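The next block holds one structure in the form of structure tokens; read it before the comments.
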């Protein structure tokens, strides 16, 4: 099975990573009779001193255009949420930011994607280095079938961030503490990580991501596989981390977007419809589609 | 944050080393594949290199004066006379015409050795079948002696040892020059059974033996394999015995083939008193060996029939057996056929179990039925490969080429069937 | 009448029974308002008649054929004068083969003792009678079965259920044949093995370091039993298998990794089937290659660098066997590597790991149990492989670890001991079955453990 087939068949993965939408949303959109103009995003797509500067981004899966002319800034040390109905392209867009789409053969990315004024897709750009700076947390918790300690230590080890065992111990402890997992895990660091609860596993994955001290953390629906209590813990964690990291989070839950993010971007059928301060998007959306979505008329 | 930027620095510095490792790892992978595919290539090249000359025969075409006096024979139908007659004399006489100065007894003997040992019997059989030819002159194509053949085909190949005397080599060169000795397509290979003489040996006997053996295998393993697969997939209750059957099938698939030979020897031959060396028993042993393969692939084929088809048929009131017979088996048939052909190809190449049930005998006659003594293609290859005369090596390689041709065609048929008939749900 | 003629005759009868029952069921249905008022379709009544006709008669035929020879032999032996009765099974088979040679004309009756010639004529009459009785009985049963089914074509009987139950039972018997085969294997090796251990103590078999069964030339020879220590055979087998695995595991594993992680779709689509061709090549071809090409090559190379090498070397057999089992390792590794969820790869790549780091540190450890299972299966394959070693490894039972010498293996000895004429009361022949038993047990253990590991591994990711 080739890599992209594997992804497609992976249960629980949102289908928008592969298949551009063909679902009832189409009709809903028509019903709204509010055509989305290509490249026209309402709200405030630009910010001062952005971490990411994204211009005219287009993503193709073979012939299908999954992301259509999206331009957006992501502010430094801010939390931005991507919301939108299933298959609107928000996960695809997220995966462009650390080039996780590279492993899909048929996926092509066009446009200008800048991280701190360096082109992410430049031919000289090193993916390994990029990903060390832009970490990612996935929808389904995916700890390696190793011990808790080894999971967190994996990144620092491959990058050679710790010279001595003591340094590594320290990185592991700090990361687990930041992820709020230290108290639960400190007595069983040698236990296999796959034996933890779903919420613990997801926080472990966050700890694993921050162990390499990334500048940005991408989160692809990090709470969709978790129960409400675990979700609350992860959300709390996101709020705490927003001081030192730039966080991009894809979510299905509008409440979550409202709770954790400074800014919110609304995607629809591969278009970026609206982006603004979170409270503005939720209290006074400018676009009709955004309004119908957040008031729950579709999606 | 300073922490973050210092870390980024460390990562950047480690990159060169890590990418070197990455390239090395990738290189190991490529090397591994090249090694494996290279071995396959070397294997094929070696066999074709050794075997292509097996498809060429060397003939000595002589004008023979079938003189009755020279042969001491005036009635070729009289058995007693024939057994006393000298059929070599006319051959020698004919050869002497090319080399009139050969007179000594020893040299005449050497001259006669240019022909295969069966030259005399070729004349005998010719006269037996056509008594009228006595006292006429006929042009007869004799098979050259194995050593002459080797000399003609491989004189400049150092890996063959030439066993002709210098005198003989001169004669052969002369005869080749005059067009008396020539090479042509080896039809003997495809029209005769085994022989003690490489030039006279053919694989027709082995091909027929393989054919009869495979027929028995097919007739047993195909229906039984499908029935077993259907039972296990569709009817078997969830119980210990079903589990036991499954464990047995999986293990049988990995039991060494020679063990099946022991089974055939102890049960079919010693217990049931069946004859040794016959395709019937060989086919039964191979059928037992092939069954697990067929069952496993048939089960996979049945599994791939979507439940919706079953539900649809059951929904209109079909019984379980009707669902199976009308829908599941026809829909799974391409997969079952493919698996069976691949299993049969495996059985065709199998040697070890057949050694134990006596299919390694030296058999000259081409078998005509399921209970005639026979050998099969891979065993024939084994026999020739272990024979001492070097002429058999090229025959063994030629036999391998024939065997591989059969197997590759069977596999190609399987692939074609799968492409042609398989449905995607 | 011969079995070969009887078989098609029974099948023809079955077809006739099918046709008759079909017509009768229609005839029965006509007065009661058509076939809709029958309990089953006419084809089922017909199929039931065919089954009734063919099944019992074929069972009778099989039973008769199975026991015919033994019964006839018993009768023939009983007609011999009591003082010439055979004393041992070996003698009996000798006498019987003489008798049947006389009977079928390949031995002139004048050359054998009178009682043999007499027995030969008895054999001929008994065989004739047996064939006639067999034909009569089988046909009778067939006709009786068909008649019975024909009379039972009635609108009140649901023939479909009968037919389906019978079919289901036939299917079951086919599936149970796998169990019978295993039982047959166990039975065939165990009986002779026990007889072998009655002559040679099991401790000597397992722990003695010398193997030379070929010394038993004459029964009255001193030490005629030879030596039956399995250790040199076993070490030979292990040595060759170890070399084979040393080749196959790295090559197979690395090619699987390259093909599943790095290769483009096109490369994968061509390289994989070609690689799998290696598994489809008959072992005799590998044997030929090992014996006639690789072994001489190794000997020449070894001599060129001043080493002494046998013309049949462990190395040649092991290397070629290694190439043969590459596809086993690679396709099983490919399966288990692909079974590792994509999320693991994503997780590692997202942390900035390179592909090889992901492979070595995440995927490989996760797939390790499955890979070990695959390697065990390959090992069992190597241990049980016969033709390569028969042709390339040799017959001398050397206890050595030098890969340039020749050794012999368990399978080679089984094959050599049982090719040609066998005497089933000599330790030499029986020892082959003891070796077979050993081989069966070892490979069975390897397979069971391997399959268990692989299954456990699959469940983990399902």
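Chains as they are written, first to last, in the numbering used here: chain G, 24 to 322; chain V, 3 to 427; chain D, 631 to 1092.
Where is the CB? At the ideal position from N, CA and C, for every residue including glycine.
It should be emphasised that the depicted structure is a prediction, and the values quoted were computed from it without experimental measurement.
- Residue 965/D does not reach chain G, its nearest Cβ partner there being about 10 Å away, counting only Cβ pairs nearer than 8 Å.
- Around residue 97/V, the same chain offers 113 as residues with beta carbons nearer than 6 Å, after the five sequence neighbours per side are excluded.
- In the same chain as residue 675/D, and ignoring 5 residues on each side of it, the C-beta atoms closer than 6 Å to its own belong to 651, 655, 783, 789, in chain order.
- For the set 723/D, 680/D, 951/D, the Cα lying nearest the Cα of residue 700/D is the one of 723/D.
- In the DSSP annotation of this structure, the continuous segment of the beta strand (DSSP E) that includes residue 98/G starts and ends at 87-98.
- Just measuring C-alpha positions, the residue of 152/V, 182/V, 76/V sitting nearest residue 99/V is 182/V.
- Taking a C-beta distance under 7 Å as the contact criterion, residue 204/V and residue 296/V do not qualify as a contact pair.
- Any Cβ of chain V closer than 7 Å to the Cβ of residue 710/D would place that residue at the interface, and such an atom is absent.
- Counting every other CB atom within 10 Å of its CB across the protein chains shown gives residue 138/V a total below 16, marking it as exposed.
- For residue 902/D, there are no C-beta contacts with chain G under 9 Å, since the nearest C-beta of that chain is about 12 Å from it.
- Residue-level contact check: residue 156/G touches chain V, since one or more beta carbons of chain V fall below 7 Å from its beta carbon.
- Under the three-pair Cβ rule at 8 Å, the region 158-167 of chain G counts as touching the region 238-249 of chain G.
- Contact note: residue 163/G reaches chain D through 973, using a C-beta cutoff of 8 Å and chain order.
- Per DSSP, the beta bridge partners of residue 76/G are 96/G, 137/G.
- Per the DSSP secondary-structure output, residue 130/G pairs in a beta bridge with 84/G.
- By the CB criterion at 7 Å, residue 963/D and residue 899/D fall outside the cutoff.
- At a cut-off of 7 Å between beta-carbon atoms, residue 16/V makes contact with chain G.
- Only 182, 183, 184 from the region 172-203 of chain G bring a Cβ to less than 7 Å from some Cβ of chain V.
- The three-state reading of DSSP puts residue 694/D in helix, counting H, G and I together.
- Restricted to the region 141-166 of chain G, the beta strand (DSSP E) segments that are unbroken, complete and at least 3 residues in length are 157-160, listed in chain order.
- Within the region 225-243 of chain G, those residues whose Cβ lies closer than 8 Å to any Cβ of chain V are, in chain order, 235, 236, 237, 238.
- Think of a sphere of 9 Å around the beta carbon of residue 920/D: no beta carbon from chain G falls inside it, the nearest being about 35 Å out.
- The DSSP-derived three-state label of residue 140/V is strand.
- Rounded to the nearest angstrom, the Cβ distance from residue 245/G to residue 270/G is 10 Å, too far for a contact under 8 Å.
- With a threshold of 7 Å between beta carbons, residue 323/V makes contact with chain D.
- The beta carbon of residue 396/V sits closer than 7 Å to the beta carbons of 52, 53, 55, 56 from its chain, once the five residues preceding and following it are set aside; these are given in chain order.
- By the neighbour-count criterion, in which a residue is buried when 16 or more other Cβ atoms sit within 10 angstroms of its Cβ, residue 291/G is buried.
- For the C-beta of residue 1066/D, the chain V residues within less than 8 Å are, from N- to C-terminus, 260, 261, 264.
- Boundaries of the beta strand (DSSP E) harbouring residue 61/V: 58-67, taken from the DSSP string.
- Residues of the region 140-152 of chain G that bring their beta carbon within less than 9 Å of a beta carbon in chain V comprise 149, 151, 152, in sequence order.
- Between residue 104/G and residue 284/G, the C-beta gap is smaller than 7 Å, which places the two residues in contact.
- Contact check for residue 273/V and residue 343/V: beta-carbon distance about 32 Å, past the 8 Å limit, so the pair fails to qualify.
- For the options 29/V, 41/V, 31/V, 35/V, the alpha carbon positioned closest to that of residue 923/D is the one of 41/V.
- The C-beta distance from residue 292/V to residue 349/V rounds to 5 Å, short enough to fall under 8 Å.
- Using a Cβ-Cβ cut-off of 7 Å, residue 312/V does not count as an interface residue toward chain D, since no Cβ of chain D sits closer than that to its own.
- For a Cβ distance threshold of 7 Å, nothing in chain G lies close to residue 699/D: the least Cβ distance comes to about 55 Å.
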